[in-house]
Amino acid sequence: DQQVKQNSPSLSVQEGRISILNCDYTNSMFDYFLWYKKYPAEGPTFLISISSIKDKNEDGRFTVFLNKSAKHLSLHIVPSQPGDSAVYFCAASAPNSGYALNFGKGTSLLVTP
Amino acid sequence: DTAVSQTPKYLVTQMGNDKSIKCEQNLGHDTMYWYKQDSKKFLKIMFSYNNKELIINETVPNRFSPKSPDKAHLNLHINSLELGDSAVYFCASSLTGTGINTGELFFGEGSRLTVL
Chain A
135 DQQVKQNSPS
145 LSVQEGRISI
155 LNCDYTNSMF
165 DYFLWYKKYP
175 AEGPTFLISI
185 SSIKDKNEDG
195 RFTVFLNKSA
205 KHLSLHIVPS
215 QPGDSAVYFC
225 AASAPNSGYA
235 LNFGKGTSLL
245 VTP
Chain B
19 DTAVSQTPKY
29 LVTQMGNDKS
39 IKCEQNLGHD
49 TMYWYKQDSK
59 KFLKIMFSYN
69 NKELIINETV
79 PNRFSPKSPD
89 KAHLNLHINS
99 LELGDSAVYF
109 CASSLTGTGI
119 NTGELFFGEG
129 SRLTVL
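From first to last, the protein sequence lines stand for chains A and B. Going left to right, the first sequence walks through residues 135 to 247 as our numbering numbers them. Going left to right, the second sequence walks through residues 19 to 134 as our numbering numbers them.
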């Protein structure tokens, strides 16, 4: 049973434009959300996170928005750069979950020059 | 220095064999994990150890046995390998001893297991 869903397997964006990656979740107990970035043949690396008490967190070109009522979060990258081309995983954790993360299937982002 | 290192990176073996994947972290973290990424690219938690104690054991066949000799190591041993075990296995670690769950995991590069 997949509790974190990324319904777009891929996204293509031109360099300099905004990339918006979406994520939905079903478990209302999730209280912490993260985005990971993964290049081929490498492990995922942490990008940005947000606690459920916030609705926005910004770090440079990356902003994560959380809409708890809709159980939806999104990652905005602006401006997008070719080096941003990677697979982006959305993840979530719940209290008392043993610190485990539930991951979505990932969205492959391609930023074209 | 690699923060979370796994060996081997690639492993090709026959059905029925027993194999191990080793993981070591030099970050001083107290919690380590094994995740499996299957052919559908879905990353799923298998095990989690906190200070050498098992805290998560998802519905994984008994053929999979994690072993944590110390906080810095979490090895995965798989008995009687099956075709469906083919996947990329990721080790990860995090610091949770402060009681603050930042949720940030540091992953190894993955070990691609192919069972023929």
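We put the beta carbon where it would ideally sit given N, CA and C, even for glycine.
CB contact below 9 Å: residue i versus chain A
i, result
"B/Lys58", "yes"
"B/Phe124", "yes"
"B/Gly63", "The amino acid occupying residue 63 of chain B in the given sequence is Ile; Gly does not appear at that position. True, the Cβ-Cβ gap to chain A drops below 9 Å."
"B/Gly102", "no"
"B/Glu127", "yes"
Distance between beta carbons of residue j and residue i, contact taken as under 8 Å
i, j, result
"A/Tyr222", "A/Leu209", "6 Å"
"B/Ser12", "B/Thr49", "Residue 12 of chain B falls outside the range modelled here, since chain B spans only 19 to 134, and no answer is possible."
"A/Glu149", "A/Val212", "That belief does not hold up - the Cβ atoms of A/Glu149 and A/Val212 are roughly 11 Å apart, past 8 Å."
"B/Met33", "B/Leu94", "Their Cβ separation, rounded to whole angstroms, is 18 Å, which puts B/Met33 and B/Leu94 out of contact at 8 Å."
"A/Ser186", "A/Asp165", "4 Å"
"A/Ser153", "A/Ser242", "Contact flag wrong, Cβ pair sits at about 11 Å."
"A/Leu207", "A/Phe196", "A/Leu207 to A/Phe196, Cβ: 13 Å. No contact."
Residue i versus residue j - alpha carbon distance
i, j, result
"A/Tyr170", "B/Leu134", "31 Å"
"A/Leu168", "A/Ser219", "18 Å"
"A/Ala226", "A/Tyr159", "8 Å"
"A/Gln140", "A/Pro178", "16 Å"
"B/Arg130", "B/Tyr51", "16 Å"
"B/Lys89", "A/Val147", "42 Å"
"B/Asn97", "A/Phe237", "26 Å"
"B/Phe125", "B/His91", "13 Å"
Cβ shell of residue i (< 8 Å), same chain only, five flanking positions each side left out
i, result
"A/Ala175", "none"
"B/Gln55", "Leu61, Lys62, Ala105, Val106, Tyr107, Phe108 and Gly128"
Cβ shell of residue i (< 7 Å), same chain only, five flanking positions each side left out
i, result
"B/Glu127", "Gln24 and Lys27"
"B/Gly117", "Summary for B/Gly117: the model assigns pLDDT 46, below 50, so the residue's position carries little reliability, and this model does not support an answer."
"A/Pro247", "Glu149 and Pro216"
Proximity test, Cβ basis, 9 Å: residue i and chain C
i, result
"B/Ser66", "Considering every chain present, this structure includes no chain C. Its protein chains are A and B."
9 Å Cβ cutoff, residue i in contact with chain B
i, result
"A/Gly217", "no"
"A/Phe180", "yes"
"A/Gln148", "no"
"A/Leu235", "yes"
Cβ-heavy atom distance, residue i to the ligand FMN, below 8 Å
i, result
"B/Tyr51", "Because no ligand of any kind appears in the structure shown, any question about the ligand FMN cannot be addressed here."
Beta-ladder partner(s) of residue i, from DSSP
i, result
"B/Lys70", "Per DSSP, none; premise fails for B/Lys70."
"A/Thr179", "A/Lys171"
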